[in-house]
Ligand SMILES: Cc1cc2nc3c(=O)[nH]c(=O)nc-3n(C[C@H](O)[C@H](O)[C@H](O)COP(=O)(O)OP(=O)(O)OC[C@H]3O[C@@H](n4cnc5c(N)ncnc54)[C@H](O)[C@@H]3O)c2cc1C
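Residue numbers (our numbering): 50 to 499.
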């Protein structure tokens with residue numbers, strides 16, 4: 050579908066605004082000089098979402114300042130050294146399937162096109178077997194397998210039918226994040242926890258936690274590239290015209306975004322050495338998953354909604370161990386894991402991400418209050434947004450595949466890029482009903498009673 054057509058059929062509450070800020074572009078020959086000037090775009094959070102977004106902007110010659118609370122990139126959910134790369138599919142056809150398929154194709158294309166990224170990501174296209182109870186509808190992206198066929202692909206006994214994604218595999222998210230942020234137009238600052246954001250006449254003001262290393266450094270050496278103002282309060286302020294929040298499970302912690310339904314969910318993986326010479330040849334994914342790493346396996350992941358504790362627990366290791374025994378009964382892992390990883394996912398009620406401009410929530414509540422009465426779309430006025438403020442997050446357990454595509458969609462939108470027949474035709478607007486940050490507000494208004 051052509052871009053114009055897609056925009057035209059969106060209901061008013063999902064209609065996207067024109068890109069609000071004029072993004073300065075650096076001519077390629079002046080990349081380094083331009084990178085030293087004041088960037089108009091700040092991205093908060095250097096996980097997969099923030100790093101891919103910063104990279105997409107930088108690829109279009111737009112300088113970016115990437116702020117991270119932690120001491121390096123990928124200190125949150127993206128800090129793992131292994132994660133599955135595969136499209137998410139359901140047996141019954143839904144709109145979600147083509148979205149994840151497009152996201153998967155985008156990631157493969159990006160990794161195939163860019164050897165440095167693919168090398169840094171340690172992308173291993175060993176295939177993924179997803180265990181299923183019933184046969185799935187035929188599809189070009191996977192193959193239905195009996196348990197016997199699945200076992201021969203896995204190289205070990207699998208007690209279930211499966212669908213096999215031959216082009217899928219695993220990658221190293223933390224290492225990918227590091228490579229993405231090595232672009233010369235991305236200025237990365239660690240130890241920068243953003244505590245408050247504020248709309249200004251010119252855009253956005255970002256307030257950093259006082260007494261961070263970055264503040265101490267800045268206060269001693271004022272740097273006018275970012276219009277910094279060390280306030281009497283000790284807070285450091287940075288200004289930009291476009292502000293993108295990619296701060297994982299903290300995305301709804303600001304006053305402007307607290308209507309977004311983000312719920313944290315703790316997850317833990319465990320890495321085991323294998324005792325005998327029996328090896329796994331592909332990723333196997335059921336209720337939990339196993340990723341083959343030479344003579345080791347990464348097994349994961351636990352899922353505890355509402356839990357934000359990040360220390361490794363014996364209980365989660367034990368659950369992973371017993372899940373591995375039922376997933377792949379012939380493998381013999383050591384009893385004790387050699388290492389583990391634990392972090393907090395950002396989940397949403399429909400398990401799909403939130404990507405796009407941040408709605409003016411109070412306007413939505415008033416302008417669309419009569420949705421519950423079933424009035425025709427033509428009776429409602431166009432959506433309003435908090436100008437220059439965007440979110441990309443809520444990736445739950447699927448961010449490795451979906452974050453790169455969502456970053457591309459968001460940056461295409463910011464740059465007013467229109468897909469042509471030569472490109473993948475989907476744009477941010479095409480996926481509004483799945484990704485729009487106001488979709489839960491709209492669903493709640495539809496259900497509300499007067
Ligand atoms: C154990 C586990 C296993 C997983 N396995 C898979 C898998 O196999 N396949 C898959 O697709 N996905 C998997 N996921 C999910 C995937 O890792 C996430 O969806 C993805 O990493 C989310 O990226 P993000 O950038 O949105 O969030 P994060 O990686 O959490 O990044 C957010 C960043 O923002 C920073 N931040 C937060 N608040 C602030 C602030 N106020 N100021 C500045 N910085 C801030 C944080 O420090 C963090 O670095 C797994 C997740 C976990 C926890």
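Just so you know, even glycine gets a beta-carbon here, dropped at the ideal spot from N, CA and C.
Quiz prompt | Which listed residue (327, 249 and 257) has its alpha carbon closest to that of residue 289 | solution = Stepping through the chain shown from its first residue, residue 289 is reached at position 240. Among 327, 249 and 257, the Cα nearest to that of residue 289 belongs to 249.
Exercise. Drop a sphere of 10 angstroms on the beta-carbon of residue 298, count the other beta-carbons inside from all chains shown, and report buried for 16 or more, exposed for fewer.
Key: Walking along the chain shown from the start, residue 298 turns up at place 249. The residue is buried, with at least 16 neighbouring Cβ atoms inside 10 Å.
Quiz item: Are the stretch 425-445 and the stretch 389-408 touching, with three or more C-beta to C-beta distances below 8 Å?
Solution: yes
Exercise. Taking only the alpha-carbon atoms, compute the straight-line gap between residue 116 and residue 295 and give it to the nearest angstrom.
Key: Numbered from its first residue, the chain shown carries residue 116 at position 67. Numbered from its first residue, the chain shown carries residue 295 at position 246. About 10 Å.
Practice problem: With residue 319 as the anchor, note down where its beta strand (DSSP E) starts and where it stops. | Solution: Indexing the chain shown from 1 puts residue 319 at position 270. Its beta strand (DSSP E) spans residues 312-322.
Practice problem: Can you give me the Cβ contacts of residue 160 inside the same chain, cut-off strictly under 7 Å, excluding the 5 residues immediately before and after it? | Solution: Working through the chain shown from its first residue, we reach residue 160 at position 111. The residues are 166, 167, 170 and 172.
Exercise. Kindly examine ligand 1 and report whether one of its heavy atoms sits closer than 7 Å to the Cβ of residue 241.
Key: Position 192 of the chain shown holds residue 241. Residue 241 Cβ: within cutoff of ligand 1.
Quiz item: How big is the Cα-Cα spacing for residue 311 and residue 99?
Solution: Residue 311 sits at position 262 when you count from the first residue of the chain shown. Residue 99 sits at position 50 when you count from the first residue of the chain shown. Distance between the alpha carbons of residue 311 and residue 99: 17 Å.
Self-check item: Whole-angstrom C-beta distance between residue 391 and residue 317, which should lie under 8 Å
Solution: Here residue 317 is taken as the residue at index 268 of the chain shown, counted from 1. Here residue 391 is taken as the residue at index 342 of the chain shown, counted from 1. Their Cβ separation, rounded to whole angstroms, is 4 Å, which keeps residue 317 and residue 391 in contact under 8 Å.
Quiz item: Going by the C-beta, is residue 117 closer than 7 Å to any heavy atom of ligand 1?
Solution: The residue given as residue 117 occupies position 68 in the chain shown. Yes, Cβ of residue 117 sits closer than 7 Å to a heavy atom of ligand 1.
Self-check item: Given residue 496 as reference, the closest of 368, 417, 373 and 197 once Cα atoms are compared
Solution: Along the chain shown, one-based indexing puts residue 496 at 447. Residue 496 has its Cα closest to that of 417, out of 368, 417, 373 and 197.
Exercise. Give the DSSP-derived three-state secondary structure of residue 371 in the structure shown.
Key: Here residue 371 refers to the residue found at position 322 of the chain shown. Note: residue 371 maps to helix in three-state DSSP.
Self-check item: Sub-8 Å separation of residue 480 and residue 458 beta-carbons
Solution: The residue given as residue 480 occupies position 431 in the chain shown. The residue given as residue 458 occupies position 409 in the chain shown. Yes; because the gap between Cβ atoms is below 8 Å, this pair is in contact.
Quiz prompt | Pair within 8 Å by beta-carbon distance, residue 113 and residue 90 | solution = Working through the chain shown from its first residue, we reach residue 113 at position 64. Working through the chain shown from its first residue, we reach residue 90 at position 41. Yes, the pair counts as a contact, with Cβ atoms nearer than the cut-off.
Quiz item: Leaving out the 5 sequence neighbours to the left and right, which residues in its chain are closer than 6 Å to residue 184 when beta-carbon positions are compared?
Solution: In the chain shown, counting from the first residue as 1, residue 184 sits at position 135. Correct list, in chain order: 193.
Self-check item: Endpoints, the beta strand (DSSP E) within which residue 405 is located
Solution: If you number the chain shown from 1, residue 405 lands on position 356. Unbroken beta strand (DSSP E) run through residue 405: 403-408.
Quiz prompt | Assigned secondary structure, residue 207 (DSSP; H/G/I helix, E/B strand, else coil) | solution = To locate residue 207, count along the chain shown from 1; it is residue 158. If DSSP states are grouped into helix, strand and coil, residue 207 belongs with coil.
Quiz item: For the candidate residues 475, 395 and 438, whose alpha-carbon lies nearest to that of residue 446?
Solution: Position 397 of the chain shown, counted from the start, is the residue given in the question as residue 446. Closest by alpha carbon: 395.
Quiz item: Around the Cβ of residue 141, are there at least 16 other Cβ atoms within 10 angstroms (buried) or fewer (exposed)?
Solution: The sequence position of residue 141 within the chain shown is 92, counting from 1. Classification of residue 141: exposed, given that the 10 Å Cβ count is below 16.
Quiz item: From residue 180 to residue 209, what distance separates their C-alpha atoms?
Solution: Sequence index remark: in the chain shown, residue 180 carries index 131 (1-based). Sequence index remark: in the chain shown, residue 209 carries index 160 (1-based). Each residue's alpha carbon lies about 6 Å from the other.
Self-check item: Separation of residue 237 from residue 388, as counted between CA atoms
Solution: For the purposes of this step, residue 388 is taken as residue 339 along the chain shown, with counting starting at 1. For the purposes of this step, residue 237 is taken as residue 188 along the chain shown, with counting starting at 1. Straight-line Cα distance between these residues: approximately 29 Å.
Quiz item: How far does the beta strand (DSSP E) with residue 193 in it reach, from first residue to last?
Solution: By 1-based counting over the chain shown, the position of residue 193 is 144. Residue 193 -> beta strand (DSSP E) spans 192-194.
Self-check item: Beta bridge counterpart(s) of residue 245 as assigned by DSSP
Solution: Along the chain shown, read from residue 1 onward, the residue named residue 245 stands at position 196. DSSP, once it has assigned bridges, lists 256 as partnering residue 245.
Quiz prompt | Exposure label - residue 363; buried when at least 16 CB within 10 Å | solution = Taking the chain shown and counting its residues from 1, one reaches residue 363 at position 314. Under this definition residue 363 is an exposed residue.
Quiz item: Using a threshold of 7 Å, is the CB atom of residue 390 nearer than that to any non-hydrogen atom of ligand 3?
Solution: By its list of ligands, the structure shown excludes ligand 3, since it contains just ligand 1.
Quiz prompt | Top-ranked residue by Cα proximity to residue 465, from 300, 68, 61 and 63 | solution = The residue you call residue 465 lines up with position 416 of the chain shown. Minimum Cα distance to residue 465 is reached at 68.
Quiz prompt | Same chain, Cβ closer than 7 Å to residue 230, neighbours up to 5 away in sequence not counted | solution = Numbered from its first residue, the chain shown carries residue 230 at position 181. Around residue 230: 95, 100, 103, 115, 122 and 237.
Quiz item: Is residue 296 near ligand 1, judged by its Cβ being under 7 Å from some heavy atom?
Solution: Taking the chain shown and counting its residues from 1, the one referred to as residue 296 is at position 247. Yes.
Quiz item: Relative to the C-alpha of residue 128, which residue among 302, 225 and 476 is closest?
Solution: As a working note, residue 128 is residue 79 in the chain shown. It is 225 whose Cα lies nearest to the Cα of residue 128.
Quiz prompt | Alpha carbon of residue 340 to alpha carbon of residue 153, nearest angstrom | solution = Locating residue 340 in the chain shown gives position 291, counting from the first residue. Locating residue 153 in the chain shown gives position 104, counting from the first residue. Rounded to whole angstroms, residue 340 to residue 153 spans 18 Å at the Cα level.
Exercise. Could you pull out every residue in the same chain whose Cβ sits closer than 7 Å to the Cβ of residue 155, ignoring the five residues on either side in sequence?
Key: As a first step, residue 155 must be located in the chain shown, where it is residue number 106. Correct list, in chain order: 453, 454 and 457.
Exercise. Mind listing, in chain order, the continuous beta strand (DSSP E) runs of no fewer than 3 residues lying wholly within the stretch 137-197?
Key: 177-180 and 192-194
Practice problem: Measure the CB-CB distance between residue 222 and residue 335 and report whether it falls below 8 Å. | Solution: As a first step, residue 222 must be located in the chain shown, where it is residue number 173. As a first step, residue 335 must be located in the chain shown, where it is residue number 286. No, Cβ-Cβ distance for residue 222 and residue 335 is not below 8 Å.
Quiz item: Tell me, which residues are paired with residue 289 by DSSP?
Solution: Counting from 1 along the chain shown, the entry for residue 289 is found at position 240. 253.
Quiz item: For residue 337, is the classification buried or exposed, using 16 other Cβ atoms within 10 angstroms of its Cβ as the cut-off for buried?
Solution: Looking up residue 337 in the chain shown gives position 288. So residue 337 counts as buried.
Quiz prompt | Residue range of the unbroken alpha helix (DSSP H) whose run includes residue 122 | solution = On the chain shown, position 73 is the one that residue 122 refers to. Per DSSP, residue 122 belongs to no alpha helix (DSSP H) and is neither H nor E.
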